[in-house]
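A.B. asks: Take this structure first; my questions come after.
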Amino acid sequence: MSEPFPMNGSDTPAEATGASPETQGATRAEAVGPQMSIDVVSIFPEYLAGLQLSLIGKAVDRGQLSLAVHDLRDFTFDRHNTVDDSPYGGGAGMVMKAEPWALALEHILAERGSAAVGEGADGARTAGRAAGGKPTLIVPSPAGQVFDQRIAEDLAARDHLVFACGRYEGIDQRVIDWAGEHFDLLPMSIGDYVLNGGEVASMAMIEAVSRLIPGVIGNPESLTEESHEDGLLEYPIYTKPASWRGREVPEILLSGNHAAIARWRRDRRLERTADVRPDLLEKLDDLSKDDLAALERFESERSTVTE
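First residue of the sequence shown: 1, per full-length UniProt numbering; consecutive thereafter.
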């Protein structure tokens, strides 16, 4: 059996992060252990190589995150490394076999069972893994719950996530049911469309979750201003120059009046959400009087334009 595709600090060359070996060594020495462990099982482990880049790769190198990708074919024993077979009852496509998945998941349970997970700088990491102390198994599926920012925040508080990247018509239901006895099982969808496999969905969820781990994002205040963080979409953003091809930055952003800027940004978030995702507004029950007045004004302006 080949080794899993590891993505941890000891396997990341200094050149990849721009840090010297001495700096890397000091960083690792200061670490108290990863705040989260993530395992991914796929028949295309190279598909996940992009996780080594950018902030996630740096978090792995700093020891904040432990990340390993496992090849499902390593848990087969025939000469062709077969992971699929025809479906009982007939029908198009192939179904992923139960036994390779069970062996892969058992391997991860055994491997991670004794792995220490650090508390992190804020001491707020969960003592358990999920409800009942089980690691969390996320199975990307169009039949799953729709992934959103609230779920990302919940998962970011857990210490061990496992992603099972299915292919073909999906995974034999028996191993899904079996996994529910050993993991906190979460079938998860990233939208109402169909992909060729679970790798893209897993990468999207891993990035959304990992960036919420304390210290992964350099400026934590930026997290509170992003789309969906409080149920609203983000406001428009601008940078220099103030005038570009006849288009000007809104004057309020150049005024230096921080209270007025904050109100303008809040209004733009409300306006954008009302235009693009009105369903999100229906879920909010903490809008202020100023927010409600702004929404009434936007609706009145829209009505005037359409008349």
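Beta carbons are placed, not taken as given, at the ideal position from N, Cα and C, and that holds for glycine. Nothing here was measured: the structure is a model prediction, and the numbers come from that model.
Is GLN35 near GLY218, with beta carbons less than 9 Å apart?
C.D. replies: no
A.B. asks: Select from SER66, LEU72 and TYR88 the residue whose C-alpha is nearest the C-alpha of SER42.
C.D. replies: LEU72
A.B. asks: By Cβ distance, which residues of its chain are closer than 7 Å to LEU253, with the 5 residues on each side in sequence left out?
C.D. replies: TYR238 and ILE261
A.B. asks: At 4 residues or longer, and completely inside the segment 178 to 217: list those alpha helix (DSSP H) runs for me, N to C.
C.D. replies: Within the segment 178 to 217, the alpha helix (DSSP H) runs of at least 4 residues that lie entirely inside it are, in chain order, 199 to 210.
A.B. asks: Quick one: does LYS283 have its CB under 9 Å from some CB of chain C?
C.D. replies: The question asks about chain C, but that chain is absent: this structure has only one protein chain.
A.B. asks: Can you round the beta-carbon distance between ASP172 and MET96 to whole angstroms, since I take them to be within the 8 Å contact cut?
C.D. replies: 6 Å
A.B. asks: Among LEU284, PRO278 and LYS240, which residue has its Cα nearest to the Cα of PHE298?
C.D. replies: PRO278
A.B. asks: Once DSSP output is grouped into helix, strand and coil, what is the label at ASP74?
C.D. replies: helix
A.B. asks: Which residues mark the beginning and the end of the alpha helix (DSSP H) in which LEU295 is found?
C.D. replies: 289 to 306
A.B. asks: Report buried or exposed for THR306, applying the criterion of at least 16 other Cβ atoms within 10 angstroms of its Cβ.
C.D. replies: Under this definition THR306 is an exposed residue.
A.B. asks: Between ASP272 and the rest of its own chain, which residues show a CB-CB distance below 6 Å, the 5 nearest in sequence each way excluded?
C.D. replies: Residue 272 is actually Arg in this sequence, not Asp. Closer than 6 Å at the Cβ level, and outside the excluded window around ARG272, lie LEU233.
A.B. asks: Taking the alpha helix (DSSP H) that VAL83 belongs to, which residues open and close that run?
C.D. replies: Careful: VAL83 lies outside any alpha helix (DSSP H) and carries neither H nor E.
A.B. asks: Along the alpha helix (DSSP H) that carries VAL60, what are the first and last residues, could you check?
C.D. replies: First-last of the alpha helix (DSSP H) with VAL60: 54 to 61.
A.B. asks: Would you call GLU301 buried or exposed, if buried means 16 or more other Cβ atoms sit within 10 Å of its Cβ?
C.D. replies: By the Cβ-count criterion, GLU301 is exposed, with fewer than 16 other Cβ atoms from all chains shown falling within 10 Å of its own Cβ.
A.B. asks: Report back the beta-carbon spacing between PRO140 and GLY166 to the nearest angstrom; my notes put them in contact at under 8 Å.
C.D. replies: 7 Å
A.B. asks: For GLU296, which residues from the same chain have a beta carbon less than 6 Å from its beta carbon, with the 5 sequence-adjacent residues on both sides left out?
C.D. replies: Closer than 6 Å at the Cβ level, and outside the excluded window around GLU296, lies no residue.
A.B. asks: Could you check if VAL276 is buried or exposed, using at least 16 other CB atoms within 10 Å of its CB as the buried criterion?
C.D. replies: exposed
A.B. asks: Spatial neighbours of ASP267 within its chain, please: C-beta separation below 6 Å, excluding the five flanking residues on both sides.
C.D. replies: ALA294
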